[in-house]
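Undergrad:
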Amino acid sequence: MKSFQGPKFGILAFILQIGFLLIFGFCVRYKDNIDATMFPSTSSPFVENRYFYFQDVQGMMFLGFGFLMVFLKKYGFSSIGFNFFLCVFTIEWAIIMIGVKHLEGNYIKINVEDLLNAEFTLAAILISFGAVLGKLSPLQYMLMALMEVPICAWNEYLGREKFHAVDAGDTIFVHTFGAYFGLGCAWVISGKDAREHENEESSYNSDLFSMLGTLVLWIFWPSFNAGGASADRQQRAVVNTVISLCGSAFMTFVINSFITVDESDEKIKGKFNMVYIQNATLAGGVAVGACADLMIQPWGALLIGSVAGILSTLGYRYITPALTRIYLHDTCGVNNLHGMPGIMGGIGSAVAASIADSKIYGNTLTIVFSQMPTRSASEQAGYQLAALGCTIAIGLAGGAFVGVLLRFIPICDKPKKHDLFNDNRFWTVPEETSLVEVYESDINPSVVKIDMKKF
Amino acid sequence: MKSFQGPKFGILAFILQIGFLLIFGFCVRYKDNIDATMFPSTSSPFVENRYFYFQDVQGMMFLGFGFLMVFLKKYGFSSIGFNFFLCVFTIEWAIIMIGVKHLEGNYIKINVEDLLNAEFTLAAILISFGAVLGKLSPLQYMLMALMEVPICAWNEYLGREKFHAVDAGDTIFVHTFGAYFGLGCAWVISGKDAREHENEESSYNSDLFSMLGTLVLWIFWPSFNAGGASADRQQRAVVNTVISLCGSAFMTFVINSFITVDESDEKIKGKFNMVYIQNATLAGGVAVGACADLMIQPWGALLIGSVAGILSTLGYRYITPALTRIYLHDTCGVNNLHGMPGIMGGIGSAVAASIADSKIYGNTLTIVFSQMPTRSASEQAGYQLAALGCTIAIGLAGGAFVGVLLRFIPICDKPKKHDLFNDNRFWTVPEETSLVEVYESDINPSVVKIDMKKF
Amino acid sequence: MKSFQGPKFGILAFILQIGFLLIFGFCVRYKDNIDATMFPSTSSPFVENRYFYFQDVQGMMFLGFGFLMVFLKKYGFSSIGFNFFLCVFTIEWAIIMIGVKHLEGNYIKINVEDLLNAEFTLAAILISFGAVLGKLSPLQYMLMALMEVPICAWNEYLGREKFHAVDAGDTIFVHTFGAYFGLGCAWVISGKDAREHENEESSYNSDLFSMLGTLVLWIFWPSFNAGGASADRQQRAVVNTVISLCGSAFMTFVINSFITVDESDEKIKGKFNMVYIQNATLAGGVAVGACADLMIQPWGALLIGSVAGILSTLGYRYITPALTRIYLHDTCGVNNLHGMPGIMGGIGSAVAASIADSKIYGNTLTIVFSQMPTRSASEQAGYQLAALGCTIAIGLAGGAFVGVLLRFIPICDKPKKHDLFNDNRFWTVPEETSLVEVYESDINPSVVKIDMKKF
C-alpha cells in the first residue's frame, strides 16, 4: 500500500495557518467589553453566563459529533481525529468570515459570544462532514471546510439580516444548510465505490462509543438552541428543546420496534437497531430549533419532537437506502437527522410565525420578531419559507460545486475504493497480534501461531 | 431463537405517548416567568443558574447511569439504550405526575425547575432499573417505570409536604425509595434463573465504559444535591457533597485492599476490584444528601462519606452474595450503593435535625427547617425517621406489587434464562467474525476458518 | 505470580484518612460566606458562578486526565483507577496544606473557591503521575502525592506571595512544577526496566478512550485558565485559551504530517499518530496559561498556541526518545505537554509583563499586576523568570528526592520489570476466554480449545 501523502496536507494547512495568523494580527482584537482599557464598560457589558452555554456547545462539537461518528469500526481514529481538526480549523476561519460582516472600525472585535457564533457555523461543517465521512482524504475535508465556511456565513447573513427570518436554534442556517451542502458534495464525490462497502460496519465497541456521542449531543442540545437567546426566550428554548428531544427519542424507540433493517430476516424482526437509536433520537433537537424560543407551548414541542423522531427513523429505514441506489451515499444519514427534520422545523417556524401576535407574545413581540410591527404575521411566515428555500438551494448547489472541485482536482488525493472507511490509509494503527496456543484434542498438541488483525 | 416481540412494546408505548401528548395539550403550559405575555414578571423571576444544575443532573442520568450499567459485557446496548428510553419516558410522565399536585388554575405550569424535579424522580426509576438490570424485557421496564413514577411522587409528597422532612439531596425520597422499590421488584421477579449466570460478567472494555459512568456521576453529584437549594444552603451542599464523595472514594480503595472477592484465591488477594471502585466510591454522595445543606461542617461530611464508603464496599463483598442466596438478585448492587447509604443518610439527617437550633443556623433556621419555630428539634428528628421508614415500606411493598404484576401478566414477555443479561434478544448486534489463517507448525499448513463470535 | 500486597497500601491509607479526619475535625470550618450563622454576609459574598468553573476543572481531573492515561492497553484499570484515588487523596490533603497558609483565627475556612484551589494543586500531582505512569505501585503513587502536595503548595506560595508573579492559568506553578517534579522522580525511579517494554503499547480501543480524555481536557481548559480570575480578566482568559488551543491543535496536525515515528518505514510516512493528537494538541492550553488574562490580543494567543503545538509535537518525536536513551523514561511525555510549553509560557509571561503599562491595561493595571505602581515592568518580568526558575529547580530536586525515597525504602513494593504497565499485578482483571470451534479444511474436523487472553 502506498503511503498517505501527508506533507501535501501539511503544506497547505501550514500556509493557511500563517494566513490566519496574519489576519488575526492585523484585523482581530478583543471586543470592548473584555478589553482592559475599556473596563468597566457600562455601554455593552459582557454576558457572563454566555460562557456556560458556549462550553456546552463545545462539548457537542468536539465530543458529541466526534464520538457519534466513531460508529464505523475501522474509521474511529479518522472520525474523532479529523472531527477534531475540522473543529479548530473552522473556529479560526469562521471568526474571520463572520467577523468581516460586523467590522468595528477596521477591526473584527471578539469575545466569547463570537466564539459561540463560530461554533454554530462549525456545526454546519461537521454535519456536512457526516455526509462524506470515510470517503475523502484529510486534504479534501480541509478544502471542503475552507469553502463551506464562507458560503454558510453568507447564507446566514442573507437569511437573518436581509430576510429577518427567526431561527433561534439554527435549524435552517446550520442544520438544513449543513445537511444539503454535505449531500450535494457526497452526490458528486461518492460515485458507486461507497455502496455496500465491507468496511462500512460497526462493532460492539464502536457502537458504544457512538452512543457516548449521541448522549453528549442530547444533553447539551438545549444550550445549542438557547445559547444565542436571553431572558424568557432563552428559558423557553431550554424547556422546548428538552421536551422535543424527549419526543423524538421516545418515538424512535416506538417506530424502531415496528421495523427491521432486513425484512426477510425473522431473527431480527422488531429488534432495536443502534443506527436509529444513535441518530433519530436527536431529531427533535433539530426540528424544534427554529421555534425554540417561540410560544409553541410544551405540547407543541412534544408534537414537533415526536413527528421528527418518526420522520427520521423512517428516513434511515427507507430513504437512505433509496438514495444510495441513486448513488447518493450519505454515511451518517445526515439527511434523516439534519436535513428532513430541518425542513420540517423550518416549515414549523413559518406556521408559528403566521399565527404570532401580541396576544401570544405581549410586549416581547418586537423582541422575538424584529420586523413585526411593520411586517404582518403572514409576511414573516413567507420570509421564513424564503430563507428555508434559499438555504436548501444554496446548500445543494454549493455542495455540488465544492464536490466537483474536490473530485477532479488531482492534488486532492482521493482515497481509492479499498481505502474507504479505513484508518489504515491515514493513521498509524496499533496492530493487535496475539500468540495463541491451540490444543488439538485428537491430533498431537502443537503450537500454532495465529496472526490476527482485528478491531 | 424466536424473535423479540417488538411490536407489543411499540404499540403500548405509542398509546402512552399519544396519552402524554393529549395531557400536555390540555393541561401543560409554560410557567408565568417564562411566558412571553407575562414578561417581565417581577413577582417570580426565573433562576437562570438553575439551568446549569439541571444540565449536570441530565449528565448524571443519561451518561452517568447509562454508562455505569454498561459493565455487563453482553448487555451494553440494552443498558445504555433502555436507560435512554427510561429517561425520556420518565421525564414526560414525571412532569405530569409531579405537576398534578401543584396545579395553577387547572394547568400544570412548567419551567426548567420542573424539568429538574422530573429528573430527580427519574433518578429513582434508574436506580430501580439497576436492581432488575438484564432480567426484564423492554416492555417490562416501561411498565415498571409507568407504575413507579406515581408511587415515587406520592411518597415524596407525603414525606416533604405532610411530614415536612428535609432532604436536600433526595437521599430518602429518591435513593432509598428507588433502591427498595427495585429490590422489592427484583425479589419477586428474579427467582433463581439469574444466579451464577454465565453472562453476568464484565469485560475489560465494558469495565472502562462503566468507569466513565462512575466518574460522570461523581463529578456532577454536587449539582444533584445542591440543585434544589439556593444561596448559602446551595454552596454548603456543594462543599459537603464534594468532601463526602472524597471520603467514600478514599475508603473504598482502603477497604478493597483488605478484602477479596474469592478468598480462596491467593492470586487476587487484596487486589482492587472494579465492582467496588465503580460503585462504592459514590456512596458518599448518597449518604450526605439528606444533610447536604445542613451545618454538618466539613468533618461531618468527610465522616459520613468515609463510613458510607466502608459500608458500601462491605455490602458488595458480603451482603449482595447473601441476598443472592435467598433469591434476591440485585444486578447493580443498588442495596449497597443507594439502599444502605440511603438509610444511613436518613438517620444522619435525623441526628443533624435533633441538634439544630438558632445557635447553629442563625436567622436561616426557619428557611432550612420550615416547621422549626413551632416544631421542636427532636420532633423534626422523629419526622425525618418517619419519612425514612415510610419510604422503605412503600418502596418495598410497591416494588413487590409491581414485580408480581410483571411476572404473572403473560403479555409481559419475560426473558427466558438463556436470554438474561444478553443483548441478542432485543438488539441487532454486530457479529464479529474474523477469517483467521492458522499456520500449523508440525502438520501441513492449512487454512482454517474460525467462526468467532465475541465481544 | 505473587499477590499484590494490598493491605500494606490499605493500612497506610487508612491511617492517613484518620489523620485527615482529625485535622478536619479540629481545624476545618465553612468559610463565613457559606456559614448559616453569618448569612447574609455582605462583607464577602460568595461568587456563585465559581462553582461552574470548578465543575469543569473537576471534569478535567477525573475524566480528562483519567481517560487520557488509559492509552496503555494493559494498564487501563490502573490509569483510571489510581488517577481517581490520587484525585480524592489530593483534594483532602491539599485543602489542609493550602489552608494552613491562610488561617482565619486557628481555622482553615473553606468554600468552593478553596476546593477549586485544591484541584489546581491536584493537576500538578496528576501531571507527575503521568511521568511515572505504569512504573510504581499504588503505595508509591500515594507516597509521591503525600510528599508532592506540600512542596507544590510551598513553591506556589513563594512565587505568588513573595515574588508576586502573575500566572492566571497556573502554567508555572502547576504545569511546569508538576512536569519537572515527575521527571525528577521518574529519572531516579525508572532505571532501564521501562525502556522498550512490551506492555508499553496502545490498542485501538485504548486510543479511543484516550481521545475522550484529550477532548474533555481541551473543551474544559478555558475554565482552568479563567477559573481563578474575574470580570474582564476572566473573559479574556476564556478567549485567549480557546484560541491558543486551536493554534496548538492545528499545528499538531500540520507537524505530524511531516514526521513519522519510524522513519525507515515507508508505509507509515506522514501518517497521523495518536500519540501526538492525544497530547500535543493540548499544549496551547498550557503555554497560554500564564498570560491568559493579559492583553496579548487574539493573535498573541494564536501565536503562542501554534508555537506550543510545534514544540510539543517535535518533543514527542525527538526529545522523548532521547531522554529515554539517558534512562529518563517519561510515560506520558509530560515534558512535551507540560514541561516545555510551561517554560515557554513562563517566558511569554515575562515578555508580556515587560511591556505592560497603563496604556494597555488602563485602570486595571494594578488589578492585574498587584505590585505595578511601585514595581517597574522590567522588574515584574524579572520576578516572572525568577518564579519560573525556582519552580523548575524545586520541582526537579523535589522529584528526585522523593524518587530516591520511593526507590530505596523497601516497604514500597516497587513492581518488577514484568509487572510494569500491567494491571494484572494490582487489579482483578476479567479473563476473556473463548471456546472456538476450528473447522480444519484438509484434515478431519476437530474441536480445538483456544485459550485466548487478550484485551
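Protein chains in written order, with the working numbering: chain A, 1 to 455; chain B, 1001 to 1455; chain C, 2001 to 2455. Using N, Cα and C, we set each Cβ at its ideal position, and we do this for glycine too.
Out of C/I2277, C/L2328 and C/N2422, state which residue places its alpha-carbon closest to the alpha-carbon of C/L2314.
TA: It is C/I2277 whose Cα lies nearest to the Cα of C/L2314.
Undergrad: Could you please give me the residues that DSSP links to C/W2427 through a beta bridge?
TA: B/F1272
Undergrad: Can you check whether the C-beta of A/S456 is within less than 9 Å of a C-beta belonging to chain B?
TA: This structure leaves residue 456 of chain A out entirely; chain A is present only between 1 and 455.
Undergrad: So what's A/Y30 in DSSP terms, helix, strand or just coil?
TA: strand
Undergrad: Quick one: give me the first and last residue of the beta strand (DSSP E) that A/K109 is part of.
TA: I108 to I110
Undergrad: Which of the three DSSP states, helix, strand or coil, is assigned to C/E2201?
TA: coil
Undergrad: Using beta carbons (cut-off 9 Å, strictly below), is A/D423 in contact with chain B?
TA: no
Undergrad: Can you tell me whether B/I1326 is buried or exposed? The criterion is at least 16 other CB atoms within 10 Å of its CB, across all chains shown.
TA: Flag for B/I1326 reads exposed.
Undergrad: Suppose only complete runs of 3+ residues qualify. What are the beta strand (DSSP E) ranges in the region 2038 to 2088 of chain C, listed by chain order?
TA: none
Undergrad: Residues in the region 1118 to 1131 of chain B with C-beta within 7 Å of chain A's C-beta atoms, listed in sequence order?
TA: none
Undergrad: Alpha carbon to alpha carbon, how far is A/H164 from A/A381? Give it in angstroms, no decimals.
TA: 11 Å
Undergrad: Hey, is the region 1350 to 1369 of chain B in contact with the region 1140 to 1158 of chain B, meaning 3+ C-beta pairs nearer than 8 Å?
TA: no
Undergrad: Below 7 Å on C-beta distance, what does A/Y51 contact in chain C?
TA: V2238
Undergrad: For the alpha helix (DSSP H) that contains B/R941, what are its first and last residues?
TA: Absent from the structure is residue 941 of chain B, since the part of chain B shown begins at 1001 and ends at 1455.
Undergrad: Find out if the Cβ-Cβ distance for the pair B/G1010, B/T1176 is shorter than 9 Å.
TA: no
Undergrad: Mind pulling the alpha helix (DSSP H) runs of 4 or more residues that sit fully within the region 166 to 254 of chain A?
TA: 177 to 190 and 204 to 226
Undergrad: Alpha carbon to alpha carbon, what distance is there between C/G2227 and C/Y2053?
TA: 5 Å
Undergrad: Could you have a look at B/S1446 and say whether DSSP puts it in helix, strand or coil?
TA: For B/S1446, the pLDDT reaches just 39, beneath the cut-off of 50, and the residue's location in the model is therefore unreliable, although a value from the coordinates is still provided. B/S1446 falls in the coil class under three-state DSSP.
Undergrad: If the cut-off is 9 Å on Cβ atoms, which residues from the region 196 to 212 of chain A count as contacting chain B, listed in chain order?
TA: E201, S202, S203, Y204, N205, S206, D207, L208, F209, M211 and L212
Undergrad: Could you tell me the alpha carbon to alpha carbon distance between A/A308 and A/V238, rounded to whole angstroms?
TA: 18 Å
Undergrad: Excluding the 5 residues flanking C/M2251 on each side, which residues of the same chain have their C-beta closer than 6 Å to its C-beta?
TA: S2306, G2309 and I2310
Undergrad: Classify B/H1102: buried if its beta carbon has 16 or more other beta carbons within 10 angstroms, exposed otherwise.
TA: exposed
Undergrad: Residues bridged to C/E2104 by DSSP?
TA: C/Y2107
Undergrad: I'd like the span of the alpha helix (DSSP H) that includes B/Q1384, first residue to last.
TA: A1377 to F1408
Undergrad: Excluding the 5 residues preceding and the 5 following A/V334 in the sequence, name in chain order all residues of the same chain whose CB lies nearer than 8 Å to its CB.
TA: Cβ contact annotation for A/V334 (same chain, cutoff 8 Å, sequence separation greater than five): I127, S128, G130, A131, G178, A179, G182 and L183, in chain order.
Undergrad: Are three or more beta carbon pairs between the region 1360 to 1377 of chain B and the region 1140 to 1149 of chain B nearer than 8 Å?
TA: no
Undergrad: In chain order, what residues of the same chain lie with their CB nearer than 7 Å to the CB of A/D330, ignoring the 5 residues before and after it?
TA: Excluding the 5 residues flanking it on each side, A/D330 has same chain C-beta neighbours closer than 7 Å at A131, L183, A186, T320 and L323, in chain order.
Undergrad: Name the chain C residues whose beta carbon is nearer than 8 Å to that of A/W427?
TA: K2271, F2272, N2273 and M2274
Undergrad: Taking only three categories from DSSP, how would you classify A/G300?
TA: A/G300 sits in a helix when the DSSP states are folded into three classes.
Undergrad: Determine the extent of the alpha helix (DSSP H) in which C/V2351 is found, giving its start and end residues.
TA: M2340 to S2354
Undergrad: What did DSSP end up calling A/G25 once you bin it into helix, strand or coil?
TA: helix
Undergrad: What does the alpha-carbon distance come out to for the pair B/F1085 and A/F253?
TA: 7 Å
Undergrad: Starting from C/V2286, follow the alpha helix (DSSP H) in both directions and report where the run begins and ends.
TA: A2283 to V2288
Undergrad: Hey, does B/K1031 have any beta-carbon neighbour from chain C nearer than 9 Å?
TA: no
Undergrad: To the nearest angstrom, how far is the alpha carbon of B/L1215 from that of B/S1244?
TA: 15 Å
Undergrad: Using CA coordinates, which residue listed in B/Y1157, B/K1162, B/A1249 and B/F1062 is at the minimum distance from A/L212?
TA: B/F1062
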